[in-house]
Amino acid sequence: MTAEALSSGVALWRQVADGIELAIADGRYLPGGKLPGETEIAENYGVNRHTVRRALAALAERGLVRAERGSGTFVRSRRIAYPLRTRTRFSEIINAGGREPRGQLIAAEREAATGALAGQLDLDIGAPLFRIEALRSADGVPISRGTTWLSAVRFPDAPKVFAAKRSMTKVLAHYGISDYRRLSTRITASVVDAADAARLDLAAGRPVLVVESIDVAADGTPLLTSRARFAAERVEFVIEPD
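Counting along the sequence shown from 1, when you hit position 169 you're at 169 in full-length UniProt numbering, and nothing is skipped either side.
Here it is in C-alpha cells:
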C-alpha cells in the first residue's frame, strides 16, 4: 500500500496498520525481522509519525509486532501451533504455548433445531437448542470467533454458565461431563465477513479458517456442534495422532 492507495473512507492509522499487516502476511516482513523506522513508514504512506505510532500500537494490540526500547519494532512469531486431535481443548492448547487463554460470551439465543443441527446432535427437528457466540483470545489477541449449538434441555442455563466460566469444557464439567472427544472435524477456508472482522480485528478481505466439528461423550452421545472462524494469520493447524 502506498500513499496513493490511502482512502479517506477509513482512518489513516488503520489503513497503515492494515497495509503493514498485509506485508507481514505476504512475507515481506519476516517473523523476528525489524520493521522500517517510523520516519520511513511515514514517508512510504504519506502520513505523519503520530499516525504511524497509532498504527504500530494497533499492530502490537493484534499481537503482530513488539516494540523494543532503543532498538525498534519487530515482527512477532505470531502463528500459534494448534493441534487437531480427538481431544482438542482451546484453553489447554493456548496454555501449552505459554499464553493466557480467554473466552468471552458475545451473544446467546434459544432456537429450534433445524434438520441439519438435529441430525448432528441426534435430536428431533424443532428440539430447543442454545446457540452460543463466543470470542476466544490468547494474551488478549483475538484468535477465533465460534458458534456452538447444544441441547437446551440437557444443558439448561448453559449461556449463563459459559458467561461465568468462559470455557465450553468447564460448561460440560458443570453438567457432570468430565471428558469428551471430537467425532468429526471439517476445515475450509473463507474470507472474513464484516461482523467477524470487527471481532477478530482483521482487515476486510483477510482469510479465515473455518472449523466445523461435533463433540461427543465417552459413550458416543453427541454433546455439541460448533462452527469456529480462526484468523488464518494467527494460527497453524497441526494434525496429530492421538
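For glycine and all other residues, C-beta sits at the position ideal for the given N, C-alpha and C.
On the CB-based measure, 16 or more other CB atoms within 10 Å of its CB, does residue i come out buried or exposed?
i	result
V191	exposed
E92	exposed
P101	buried
E4	Because the pLDDT at E4 is just 44, under 50, the model does not fix this residue reliably, and the point stays unresolved.
V10	exposed
Tell me which same chain residues have a C-beta within less than 8 Å of the C-beta of residue i, skipping the five on either side of it?
i	result
E38	R49, V52, R53 and L56
V238	A81, Y82, P83 and L84
D215	Y180, R181, R182, L183, P222, L223, L224, T225 and S226
V153	A127 and P128
Got a sec, what are the start and stop residues for the beta strand (DSSP E) residue i sits in?
i	result
V141	V141 to S151
I187	R181 to V191
E111	P101 to A112
V238	V235 to I239
Name the DSSP beta bridge partners of residue i, please?
i	result
L209	A189 and F230
A134	L105 and G146
R49	None, per the DSSP bridge assignment.
T73	A67
L35	According to DSSP, which records beta bridges pairwise, L35 is partnered with nothing at all.
V216	R181 and P222
L129	E111 and S151
Terminal residues of the continuous alpha helix (DSSP H) containing residue i?
i	result
L84	Counting along the chain, L84 falls outside any alpha helix (DSSP H), though it belongs to the beta strand (DSSP E) covering I80 to L84.
S178	Unbroken run through S178: none, as it is neither H nor E.
Return helix, strand or coil for residue i, following the three-state DSSP convention.
i	result
T169	helix
E4	Confidence at E4 is low in this model, with a pLDDT of 44, below 50, so its placement is unreliable and the value that follows should be read with caution. Reduced to three states, the DSSP call for E4 is helix.
V10	coil
Suppose the cutoff is 6 Å on Cβ atoms and the five residues either side in sequence are ignored; what does the same chain contact list for residue i look like?
i	result
F74	K34 and R66
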